[in-house]
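*Asks:* Take the sequence shown: its position 44, counting from 1, is numbered 906 in the numbering used here, and each next residue is one higher. Dropping the structure in here first, questions after.
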Amino acid sequence: MSAQKIGIVGSGLIGRAWAMLFAAAGYRVQLYDILEAQVTTALAELQQELHSLECKGRLRGNLTAQAQFALISGCTSLQQLVQQAQHIQECVPEQLELKRQLYAQLAELLEPQTVLASSTSTFMPSRFTAELKCKEQMLVAHPLNPPYYIPLVELVPAPWTRPELVERTRQLMLSLGQRPVVLQREIEGFVSNRIQYAILNEVWRLVGSGIVSVADADRVLSEGLGMRYALLGALETAHLNAPGGVADYFQRFGSEISAVSASYGPTPNTCEELDTLADIARQCEQLTPLAELEQRRAARDEFLTRLAALKRQQ
Ligand code: NAD
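Printed below as a string of structure tokens:
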């Protein structure tokens, strides 16, 4: 029996990463993009990337780079993409109107067995699937960048998504070696961005009020809290930090946590606090000049690969 077919709409950064993840697990992948040239470039770059990962011993899955690349093909129409697809992963730019139009088009073509999942980082699925035919086959499957190295995928159903299709998507993600989490209902920012934005807001306030530099604020995470968070979440961290576990932790420290939390101040308006933004940008660029971003991204990916290997040994 030939491998199940996965369709990917949008062959940019995230579309390519999904293509690699699915091919690594042996799925047949078709890539579609509004710009045909983009698919051609994507295929050439994917071939190079798979080969380079293989040379470094970093290729995921059991197949060779050549065998994985042979599973990936381009296609030139949405009609062709949806045919007999088990799952379609949408990866077009983060523009609500664009997603709405695309989902309306896909709803007319979707076959009954197909799940349509969006990679969106910000839009709740009800915002672009309401009123559509087959809307119960649609949900969000939000990866973190870079998905090839970070296993988390947030599965976010709309109120009308069929629960068994959420479960099927969860199983599919597990089959890729990703670590899905399932939200019981949709919420703005999902879970990862809500936590990330809470951290960003506080770092902004601390740097903006001159308490700490950008380098030191980031060091608190990379040399401190983040070391634990690569193994434990916030609640298990608390659970381990008091003799009687998490209940004891909040009994002991709860009033202090509430008192500190009450001093945070309002949510920063990062679009309007331009002096703080300029200061943060200046400090960040001193630490990593814009010309060195690519190099730093490569270092991040290298580090994450080693961290992922370490986590697998646990
Ligand atoms: P990107 O700009 O790199 O790629 C988007 C691709 O979609 C481009 O190749 C573009 O030509 C194509 N496209 C545009 N309109 C299209 C259409 N109507 N039909 C088919 N293809 C079309 O974007 P990206 O960074 O890969 O982001 C894609 C999605 O993934 C977004 O929803 C984004 O929020 C989400 N996401 C991004 C990140 C990230 O860090 N970049 C992380 C997680 C999730």
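Don't be surprised by glycine CBs; every beta carbon is placed ideally from N, CA and C.
Give me the Cβ distance between Pro1005 and Ile876, rounded to the nearest whole Å; I'm assuming they're in contact under 8 Å.
*Replies:* Here residue 1005 refers to the residue found at position 143 of the sequence shown. Here residue 876 refers to the residue found at position 14 of the sequence shown. That belief holds up - the Cβ atoms of Pro1005 and Ile876 are roughly 7 Å apart, short of 8 Å.
*Asks:* With 16 as the cutoff for other CB atoms within 10 Å, does Gly872 come out buried or exposed?
*Replies:* Translated into positions along the sequence shown, residue 872 becomes position 10. When all chains shown are included, Gly872 counts as buried.
*Asks:* Assign Arg890 to one of three DSSP states: helix, strand, or coil.
*Replies:* One-based indexing of the sequence shown puts residue 890 at position 28. Here Arg890 sits in strand by DSSP.
*Asks:* Taking Cβ positions only, does Gln942 come closer than 8 Å to chain D?
*Replies:* Reference to chain D is not applicable here, since this structure consists of a single protein chain.
*Asks:* When the Cβ atoms of the region 953 to 967 are set against those of the region 1031 to 1039, are three or more pairs found closer than 8 Å?
*Replies:* No: the two stretches stay apart, fewer than three of their Cβ pairs being nearer than 8 Å.
*Asks:* Taking the alpha-carbon positions, what's the Ala1020 to His949 distance?
*Replies:* By one-based count along the sequence shown, residue 1020 stands at place 158. By one-based count along the sequence shown, residue 949 stands at place 87. The alpha-carbon atoms of Ala1020 and His949 are separated by roughly 17 Å.
*Asks:* Between which two residues does the beta strand (DSSP E) carrying Lys867 extend?
*Replies:* Along the sequence shown, one-based indexing puts residue 867 at 5. Unbroken beta strand (DSSP E) run through Lys867: 867 to 871.
*Asks:* I'd like the list of long-range same chain contacts for Ala1079, defined as Cβ closer than 7 Å, with 5 residues on each side in sequence excluded.
*Replies:* Along the sequence shown, read from residue 1 onward, the residue named residue 1079 stands at position 217. Val1065, Leu1068, Val1069.
*Asks:* Does the Cβ of Glu898 have 16 or more other Cβ atoms within 10 Å, making it buried, or fewer, making it exposed?
*Replies:* Here residue 898 corresponds to residue number 36 of the sequence shown, with the count starting at 1. That one is exposed.
*Asks:* Using a threshold of 8 Å, state whether the C-beta atoms of Tyr1011 and Leu1172 are closer than that.
*Replies:* Here residue 1011 corresponds to residue number 149 of the sequence shown, with the count starting at 1. Here residue 1172 corresponds to residue number 310 of the sequence shown, with the count starting at 1. No; because the gap between Cβ atoms is not below 8 Å, this pair is not in contact.
*Asks:* Skipping 5 residues on each side, what residues in its chain have a beta carbon closer than 6 Å to that of Cys937?
*Replies:* On the sequence shown, residue 937 is found 75 positions in, with the first residue counted as 1. So the list reads Gln892, Tyr894, Leu943, once near-sequence residues are dropped.
*Asks:* Taking the beta carbon of Ile1049 as the centre, do at least 16 other beta carbons fall within 10 Å, making it buried, or is it exposed?
*Replies:* One-based indexing of the sequence shown puts residue 1049 at position 187. By the neighbour-count rule (16 or more Cβ atoms within 10 Å), Ile1049 is not buried but exposed.
*Asks:* CB Ala979 to CB Leu960, shorter than 8 Å?
*Replies:* Locating residue 979 in the sequence shown gives position 117, counting from the first residue. Locating residue 960 in the sequence shown gives position 98, counting from the first residue. Cβ distance not < 8 Å, so Ala979 and Leu960 don't count as in contact.
*Asks:* Just how far apart, CA to CA, sit Pro1105 and Ala1096?
*Replies:* Along the sequence shown, read from residue 1 onward, the residue named residue 1105 stands at position 243. Along the sequence shown, read from residue 1 onward, the residue named residue 1096 stands at position 234. So the alpha carbons of these two residues sit roughly 16 Å apart.
*Asks:* Can you give me the C-alpha to C-alpha distance between Val1043 and Val1028, rounded to a whole angstrom?
*Replies:* Start at 1 with the first residue of the sequence shown, and residue 1043 comes out as number 181. Start at 1 with the first residue of the sequence shown, and residue 1028 comes out as number 166. Taking the straight line from one Cα to the other gives about 10 Å.
*Asks:* Can you check which of these residues, Thr976, Gln946, Ser983, Ile1142, is closest to Lys957 by C-alpha distance?
*Replies:* Position 95 of the sequence shown, counting from 1, holds the residue named residue 957. Position check: residue 957 holds Gln in this sequence, whereas Lys was assumed. Out of Thr976, Gln946, Ser983, Ile1142, Ser983 has the C-alpha closest to the C-alpha of Gln957.
*Asks:* For Pro1009, does the count of other Cβ atoms within 10 angstroms reach 16, so buried, or fall short, so exposed?
*Replies:* Stepping through the sequence shown from its first residue, residue 1009 is reached at position 147. Per the 10 Å Cβ criterion, buried.
*Asks:* Considering only the alpha carbon of each residue, which of Val1074, Gln975, Ala1121, Gly1127 lies closest to Ala947?
*Replies:* For the purposes of this step, residue 947 is identified with residue 85 of the sequence shown, where counting begins at 1. The shortest C-alpha separation from Ala947 is found at Gln975.
*Asks:* Assuming His1101 and Tyr1091 make a contact with CB atoms under 8 Å, what is their CB distance in whole Å?
*Replies:* Residue 1101 sits at position 239 when you count from the first residue of the sequence shown. Residue 1091 sits at position 229 when you count from the first residue of the sequence shown. Going by Cβ atoms, the distance from His1101 to Tyr1091 rounds to 14 Å, so no, they are not a contact pair.
*Asks:* Give the secondary structure of Val954 by DSSP, where H, G and I count as helix, E and B as strand, and everything else as coil.
*Replies:* Position 92 of the sequence shown, counted from the first residue, corresponds to residue 954. DSSP places Val954 in coil when its eight states are reduced to three.
*Asks:* Looking only at its chain, what residues have a beta carbon closer than 7 Å to the beta carbon of Leu1169, apart from the 5 residues adjacent to it on each side?
*Replies:* Within the sequence shown, numbered from 1, the residue matching residue 1169 stands at position 307. The residues are Ala1092.
*Asks:* Tell me the DSSP bridge mates of Cys937?
*Replies:* Residue 937 sits at position 75 when you count from the first residue of the sequence shown. Note: Cys937 sits in a beta bridge opposite Tyr894.
*Asks:* When the Cα atoms are used, what is the spatial distance from Pro1130 to Asn1063?
*Replies:* Within the sequence shown, the letter at position 268 stands for residue 1130. Within the sequence shown, the letter at position 201 stands for residue 1063. Computed Cα separation, rounded: 6 Å.
*Asks:* Please classify Cys953: is it buried, with 16 or more other beta-carbons within 10 angstroms of its beta-carbon, or exposed?
*Replies:* Reading the sequence shown from its first residue, position 91 is the one you call residue 953. Its Cβ being crowded by 16 or more others within 10 Å, Cys953 is buried.
*Asks:* Spatial neighbours of Val1108 within its chain, please: CB distance less than 7 Å, with the 5 preceding and 5 following residues excluded, ordered by chain position.
*Replies:* As a position in the sequence shown, residue 1108 is number 246, starting the count at 1. Leu1097, Ala1100, His1101.
*Asks:* Counting along the chain, where does the beta strand (DSSP E) carrying Pro1005 start and finish?
*Replies:* Here residue 1005 refers to the residue found at position 143 when the sequence shown is read from its first residue. Start and end: 1000 to 1005.
*Asks:* Might you give, ordered along the chain, the residues of its own chain that have their beta carbon closer than 7 Å to the beta carbon of Cys1146, omitting 5 neighbours on each side?
*Replies:* What you label residue 1146 is simply residue 284 of the sequence shown in a count that begins at 1. Same-chain partners within the cutoff: Val1076.
*Asks:* When we look at the beta-carbon of Met1089 and count the other beta-carbons within 10 Å, is it buried (16 or more) or exposed?
*Replies:* Here residue 1089 corresponds to residue number 227 of the sequence shown, with the count starting at 1. Exposed, by the Cβ-count rule.
*Asks:* Taking 7 Å as the cut-off, is the C-beta of Glu803 nearer than that to any heavy atom in ligand 1?
*Replies:* Beyond the ends of the chain as shown, which are 863 and 1176, falls residue 803; an answer cannot be given.
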